[in-house]
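Here is the structure we will look at, set down as C-alpha cells.
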Amino acid sequence: MVDVTMTVNGVSKSGSVEGRTLLSGFLRDGLGLTGTHVGCDTSQCGACVVHVDGVAVKACTMFAVEADGASVDTIEGQADADGTLNTIQQAFQDHHGLQCGFCTPGMVMSAAALLKENPKPSEAEIRDYLEGNLCRCTGYHNIVKAIMAASGQDVAAIAAE
Ligand code: FES
Ligand code: FES
30 MVDVTMTVNG
40 VSKSGSVEGR
50 TLLSGFLRDG
60 LGLTGTHVGC
70 DTSQCGACVV
80 HVDGVAVKAC
90 TMFAVEADGA
100 SVDTIEGQAD
110 ADGTLNTIQQ
120 AFQDHHGLQC
130 GFCTPGMVMS
140 AAALLKENPK
150 PSEAEIRDYL
160 EGNLCRCTGY
170 HNIVKAIMAA
180 SGQDVAAIAA
190 E
C-alpha cells in the first residue's frame, strides 16, 4: 500500500492505496466522492472527468499515486457550500441538459475545462470538445445548448433545431 495526499476541492485529503488503484476508485471508494461516475473504466465514456491541477482528466486513466501532491477538483466542489449551482450546472438544469444524469458530472467538468480555455466556444467547438464524453439519453442537443448558455451566448439558433 502507498500513502497518498492530494488537495480535493480545496481540502487536503490522504489515504492509503494499492499501486493499481485508479484515481476514480480513490475518489469514490477512498473519499466517498461518488459524484465522479465510472461508466466504463476503459477511457471511453468520460463520466469520470475531473480536473487535476486545472486540467480535465478522465480519472479512470490515472493511478491515484500519480495524483499524489496534486490539486483535484470534482463535481462535488462545483456548487457553492449552500448548494447554489454554479453557472454551468444551472445552465444544464435550465436547458434540460440531462436526463438520467449519469454522464452529467463528466459533462459539467469537461464543459468547465472548455470554457476556461475558450470562454465563447462555437457550437462546433463544443461538440468537438465533448467527443470524449458519451451520453445515452439526451442526444447531446440540450447539453450543447446548456454550454452555449453558460458561456453567455445566444442559444436561439441551436434551440430552433
Ligand atoms: S469511467 Fe472513465 S472514461 Fe468511462
Ligand atoms: S443524461 Fe443519461 S447518459 Fe447523459
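So that you can map any letter, position 120 of the sequence shown is 149 in the numbering used here, and since no number is skipped, the others follow by simple counting.
Note that the Cβ used here is the ideal one computed from N, Cα and C, for glycine as well.
In angstroms, rounded to a whole number, what distance separates the CA positions of HIS80 and ALA185?
Residue 80 sits at position 51 when you count from the first residue of the sequence shown. Residue 185 sits at position 156 when you count from the first residue of the sequence shown. Spanning the alpha carbons of HIS80 and ALA185 requires a straight line of approximately 31 Å.
Alpha-carbon to alpha-carbon, THR116 and ASN171:
As a first step, residue 171 is located in the sequence shown; it is residue number 142 there, counting from the start. As a first step, residue 116 is located in the sequence shown; it is residue number 87 there, counting from the start. So the two alpha carbons sit approximately 15 Å from each other.
So ALA76 and PHE121 are supposed to be a Cβ contact under 8 Å. How far apart are they, rounded?
The count along the sequence shown starts at 1 and reaches residue 76 at position 47. The count along the sequence shown starts at 1 and reaches residue 121 at position 92. With 8 Å as the limit, ALA76 and PHE121 do not qualify as a contact, their Cβ atoms being about 15 Å apart.
Coil, strand or helix - HIS124 by DSSP:
Position 95 of the sequence shown, counting from 1, holds the residue named residue 124. Looking at HIS124 - three-state DSSP - the assignment turns out to be coil, as it is neither helix nor strand.
Given the structure, does ARG156 come close to ligand 2, in the sense that its CB is under 7 Å from one of the ligand's heavy atoms?
Your numbering for residue 156 matches position 127 in the sequence shown. The answer is no for ARG156.
Local conformation of SER45 per DSSP, three classes:
The sequence position of residue 45 within the sequence shown is 16, counting from 1. Note: SER45 maps to strand in three-state DSSP.
Note down the Cα distance separating THR133 from LYS42, rounded to an integer number of angstroms.
Locating residue 133 in the sequence shown gives position 104, counting from the first residue. Locating residue 42 in the sequence shown gives position 13, counting from the first residue. Cα to Cα, the separation comes out at about 24 Å.
According to the neighbour-count rule (16 or more other Cβ atoms, all chains shown, within 10 Å of its Cβ), is MET30 buried or exposed?
Within the sequence shown, residue 30 is the residue found at index 1, counting from 1. Its Cβ having fewer than 16 others within 10 Å, MET30 is exposed.
Any heavy atom of ligand 1 closer than 7 Å to the beta-carbon of ALA142?
Translated into the one-based positions of the sequence shown, residue 142 becomes position 113. Incorrect: ALA142 has no Cβ contact closer than 7 Å to ligand 1.
Going by alpha carbons, who is nearest to SER139 out of GLY48, SER45, CYS74?
Taking the sequence shown and counting its residues from 1, the one referred to as residue 139 is at position 110. Checked all of GLY48, SER45, CYS74; the closest Cα to SER139 is CYS74.
Mark PRO150 as exposed unless 16 or more other C-beta atoms lie within 10 angstroms of its C-beta, in which case mark it buried.
Position 121 of the sequence shown, counting from 1, holds the residue named residue 150. It counts as buried.
If you follow the alpha helix (DSSP H) that VAL137 is in, where does it begin and where does it stop?
The count along the sequence shown starts at 1 and reaches residue 137 at position 108. Start and end: 133-146.
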